[in-house]
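A quick write-up on the structure given underneath.
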Amino acid sequence: PDEDYQYGRFDYKEQEPKIALHYAVLSKLPGTQNLLEKHAKNPDIDSYGLISHEIERDICKTVYLAMLYGAGGVKICEQLKLPTAYREDRRGSLYECAGPEAQGIIDNFERGAPYIIELIKKVTRSARSKGYVKTILGRRCRFPDLDWVYKATNRLIQGSAADQMKKALIDLHAAGYTPHLQVHDEVGISINNDKQAVEIKNIMEQSVELKIPALVDYTLGANWGECK
Numbered sequence: 001p002d003e004d005y006q007y008g009r010f011d012y013k014e015q016e017p018k019i020a021l022h023y024a025v026l027s028k029l030p031g032t033q034n035l036l037e038k039h040a041k042n043p044d045i046d047s048y049g050l051i052s053h054e055i056e057r058d059i060c061k062t063v064y065l066a067m068l069y070g071a072g073g074v075k076i077c078e079q080l081k082l083p084t085a086y087r088e089d090r091r092g093s094l095y096e097c098a099g100p101e102a103q104g105i106i107d108n109f110e111r112g113a114p115y116i117i118e119l120i121k122k123v124t125r126s127a128r129s130k131g132y133v134k135t136i137l138g139r140r141c142r143f144p145d146l147d148w149v150y151k152a153t154n155r156l157i158q159g160s161a162a163d164q165m166k167k168a169l170i171d172l173h174a175a176g177y178t179p180h181l182q183v184h185d186e187v188g189i190s191i192n193n194d195k196q197a198v199e200i201k202n203i204m205e206q207s208v209e210l211k212i213p214a215l216v217d218y219t220l221g222a223n224w225g226e227c228k
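Here the sequence shown stands for residues 1 to 228, numbered as in the UniProt record's numbering.
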């Protein structure tokens with residue numbers, strides 16, 4: 001940090017799940033109204049814990065993000081370090097797929113978060129029809145090769161997360177704060193007092209309007225290493 005200042009580490013909590021749920025709410029997908037009410041009552045609620053009490057949080061997070069990014073059953077098995085299986089297609093050819101344990105987790109996730117599955121289908125259809133998806137601030141992510149539209153939800157969510165962060169950096173600069181660094185969903189800034197920390201938190205949370213309130217956590221310390 002600057003001399004005689006503390007280092008402030010500010011990061012968006014569950015940034016991408018909140019953005020995904022924002023789009024699911026906009027589309028009025030199944031199960032979203034209940035989640036919207038729960039987030040309104042408690043913005044700090046655990047997005048992953050709401051999906052299923054039968055799946056460990058870390059596993060649920062892995063499956064959630066993998067699906068948003070277009071991963072199939074085999075890729076999810078790799079990430080969970082679980083065995084795959086082989087099945088026959090209609091032509092009698094073998095193909096690799098998720099093994100029984102991983103498939104059980106995926107099925108459980110889909111029952112707990114039907115809105116995510118429907119969002120992926122909707123965004124993929126839109127990308128295939130239009131040839132692009134548009135992020136929350138209007139940037140177009142194009143798919144000239146339609147074979148890649150399975151990544152459309154990934155582009156929408158990560159692109160919108162980037163929009164949110166970039167807008168936050170602009171707003172912070174306008175308010176007189178110059179970040180030392182930005183890494184993914186995290187910003188590092190020299191802090192003089194707790195009042196400044198709260199102001200920075202509020203600026204970041206309000207940079208982009210979401211149906212699901214954004215939440216920023218922060219830690220203060222002597223340096224970046226101490227804040228980690």
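We put the CB at the ideal spot given by N, CA and C, even for glycine.
Under three-state DSSP, which class holds Ser-190?
strand
So, does the segment 105 to 122 touch the segment 134 to 143, judging by three or more C-beta pairs under 8 Å?
no
Report yes if the C-beta distance between Asp-58 and Leu-215 is below 8 Å; otherwise report no.
no
Taking the C-alpha atoms as reference points, what is the distance between Gln-33 and Lys-166?
Straight across, the Cα-Cα distance linking Gln-33 with Lys-166 is about 29 Å.
What residue does the beta strand (DSSP E) around Arg-139 start on, and which one ends it?
Looking at the DSSP string, Arg-139 is not in any beta strand (DSSP E), and its letter there is neither H nor E.
Please confirm whether Ala-152 and Ala-127 have their CB atoms less than 8 Å apart.
yes
Work out the CA separation of Asp-107 and Ile-189 for me, nearest whole Å.
42 Å
State buried or exposed for Ala-66, treating a residue as buried only when at least 16 other CB atoms are found within 10 Å of its CB.
It counts as buried.
Taking the beta strand (DSSP E) that Ser-181 belongs to, which residues open and close that run?
Residue identity check: residue 181 is Leu in the sequence provided, not Ser. Leu-181 -> beta strand (DSSP E) spans 181 to 183.
Can you tell me which residues form a DSSP beta bridge with Gly-221?
When beta bridges are read from the DSSP output, Gly-221 appears opposite Tyr-7.
So, using beta-carbon positions, are Ala-85 and Ala-71 closer together than 8 Å?
no
Taking the alpha carbon of Asp-145 as the point to measure from, which residue in Arg-139, Gly-138, Lys-130, Ile-157 has its own alpha carbon closest?
Lys-130
By DSSP's criteria, Val-123 is part of a beta bridge. Which residues make up the other side?
Val-123 is not bridged to any residue.
Evaluate contact between the segment 22 to 31 and the segment 167 to 182, counting only Cβ atoms and requiring at least three cross-stretch pairs below 8 Å.
Contact annotation: the segment 22 to 31 does not touch the segment 167 to 182, with fewer than three C-beta pairs closer than 8 Å.
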